[in-house]
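Only one structure is covered here, and it is reproduced in the block below.
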Amino acid sequence: MRLLQLATLLSLGAGSLAILITPSEALNGDIYKSKPAPKPVHIKRPKVNTHGLSPEAYAISQLTQTVEIPCESCPFPTTKDGKTFINTENNLQLTLALDPNQRDTIKLNGRPMFPIIYAMENPHFTVTQRSINNGAQAQVPVDIDLFIETDPRSGLSRLRLHVLAVSGWKTQATMQILEFPIFQNNAGEVFIGEVHARNPTPAEASAVLCKDNMFCRWKAYLYDTIHLIANRIHNNINGIRKGGCRGKKNGGRPYAVGQENPHKGYNGKGHHGKHHGGKPEKQHGKDKEHEHKWRWFNWVGLVVRLILACLVIAAITITIGLFFTLIVSTLIHILVVSWLFVTGKSRSCRREQPADEEDEEERGLMSKDEESQLEAQEYRDDLPLYSENTEKQ
1 MRLLQLATLL
11 SLGAGSLAIL
21 ITPSEALNGD
31 IYKSKPAPKP
41 VHIKRPKVNT
51 HGLSPEAYAI
61 SQLTQTVEIP
71 CESCPFPTTK
81 DGKTFINTEN
91 NLQLTLALDP
101 NQRDTIKLNG
111 RPMFPIIYAM
121 ENPHFTVTQR
131 SINNGAQAQV
141 PVDIDLFIET
151 DPRSGLSRLR
161 LHVLAVSGWK
171 TQATMQILEF
181 PIFQNNAGEV
191 FIGEVHARNP
201 TPAEASAVLC
211 KDNMFCRWKA
221 YLYDTIHLIA
231 NRIHNNINGI
241 RKGGCRGKKN
251 GGRPYAVGQE
261 NPHKGYNGKG
271 HHGKHHGGKP
281 EKQHGKDKEH
291 EHKWRWFNWV
301 GLVVRLILAC
311 LVIAAITITI
321 GLFFTLIVST
331 LIHILVVSWL
341 FVTGKSRSCR
351 REQPADEEDE
361 EERGLMSKDE
371 ESQLEAQEYR
381 DDLPLYSENT
391 EKQ
């Protein structure tokens, strides 16, 4: 019975193999050989020079970005000569693009804007002003303010573009600021990232209202520095109360551009202990020490900025005070000298006048004596001469 059962199982197994294995493959003796896949048809496309960037970075760098920012206070021209304006809600269209011929140049509405040396050759920029009510468009001249910040750790720069005036009219402090990252490789080629619009800070807003007043801009800079220090203190206090890792959620210092987030475990929490081949994790202590040093240097920088702002304002105030004091003291000195000169001359005239009268009187008395003497002499001359002989006769 057992032999019969074993023979039955063997026959069933052989039948299953006969069903699974095709005759051609069984005859060839190569069961695991597979047919070659068909060759893909390649479409010939022109070769694109990505300049050493990843496809994503190159795609971002080639974008021509047009951004609209609201400008409620901007006057809208009604004539082609730009001499008649109306008050209507409108937007400004700013187009940022790379120059395909000069890869180190960023253009604003077709004119070189960055680097600054190219913008200095032709500083007149125009943007498209579009009315929200009727959709009318006009090309208007604008005055812009450019500021660039560079992160030495990542090599990335951030360009800030602020429109200060439209058609010669200063804009209000509510005008938004455009910010976008800039990367320049070793060959000098420039690449730009996505453009973002944000509201200005008090110091940036005062750049519009106090464009021609240096004291006003320094005052706004001081206010902005104090406001930044107050925000840092408030955020640090909130971070201590909440606890946990630092970041944007807790109001702490955000991670730098190009810096990876701290490594985390599968549960999303920072893991500690041994990892990377059983080595003890000492990097966290170094990171904390570096973070504390960075915070200390950041605080020192804020304090130095505040002290420098106060010293500059004090120096300007003292200089202006000394200048006005010198002018006032000079005027007072001139008035006093003039008054003394005039009063002294009048007194000398008064003193000389009695002396002259006495001299005239003396001269007059002397003339009277002389006249009396002359009369006596004439009288004597008129008397007859008598001699002794005539008397005797």
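Mapping to full-length UniProt numbering: the sequence shown position 57 is 57, numbers consecutive. Positions of the beta carbon are idealized from the N, C-alpha and C atoms, including for glycine. As the structure is a computational prediction, the values presented were derived from the model and not from experiment.
Pairwise C-alpha distance: residue j and residue i
i           : j      : result
His308      : Ile316 : It is Leu, not His, that sits at residue 308 in the sequence shown. Between Leu308 and Ile316, the C-alpha separation is close to 12 angstroms.
Pro70       : Trp169 : 15 angstroms
Asn199      : Ala205 : 9 angstroms
Thr64       : Ile233 : 40 angstroms
Thr78       : Asn90  : 13 angstroms
residue 397 : Leu92  : Coverage of the chain is limited to positions 1 through 393, which leaves residue 397 absent and any answer about it impossible.
Lys242      : Asp143 : With a pLDDT of only 47 at Lys242, under the threshold of 50, the placement of this residue in the model should not be trusted; the figure read from the coordinates follows. About 45 angstroms.
Ile132      : Val166 : 17 angstroms
Val127      : Val67  : 11 angstroms
Asn186      : Gly321 : 51 angstroms
Asn109      : Leu96  : 7 angstroms
Ile313      : Ala230 : 20 angstroms
Ala138      : Pro100 : 27 angstroms
Gln176      : Ala136 : 22 angstroms
Met120      : Val328 : 42 angstroms
Phe323      : Val303 : 30 angstroms
Counted within 10 angstroms of its Cβ, other Cβ atoms place residue i as buried (16 or more) or exposed
i      : result
Thr84  : exposed
His276 : The predicted model places His276 with a pLDDT of 42, which falls under 50 and marks its position as unreliable; any figure quoted below should be read in that light. His276 is exposed by the Cβ-count criterion.
Phe341 : exposed
Phe76  : buried
Gln129 : buried
Val163 : buried
Phe125 : buried
Val140 : buried
Ile332 : exposed
Leu98  : buried
Thr150 : exposed
Ile106 : buried
Those residues which DSSP pairs with residue i across a bridge
i      : result
His196 : Glu179
Thr319 : Thr319 pairs with nothing; no bridge assigned.
Leu340 : In DSSP, Leu340 forms no bridge with anything.
Phe76  : Ile86
Glu68  : Gln93
Val190 : Gln184
Sequence-distant residues of the same chain with beta carbon closer than 7 angstroms to residue i, five excluded per side
i      : result
Phe147 : Arg160
Arg111 : Asn122, Phe125
Asn87  : Pro75
Residues of its chain near residue i, where Cβ-Cβ distance is below 8 angstroms and the 5 sequence neighbours each way are ignored
i      : result
His196 : Leu178, Glu179, Phe180
Own chain partners of residue i with C-beta closer than 6 angstroms, once the 5 adjacent residues on each side are dropped
i      : result
Ser157 : Ile148, Thr150, Ile182
Unbroken stretches of the beta strand (DSSP E), 3 residues or longer, contained in the region 96 to 182: 106 to 108, 111 to 114, 125 to 131, 137 to 150, 157 to 166
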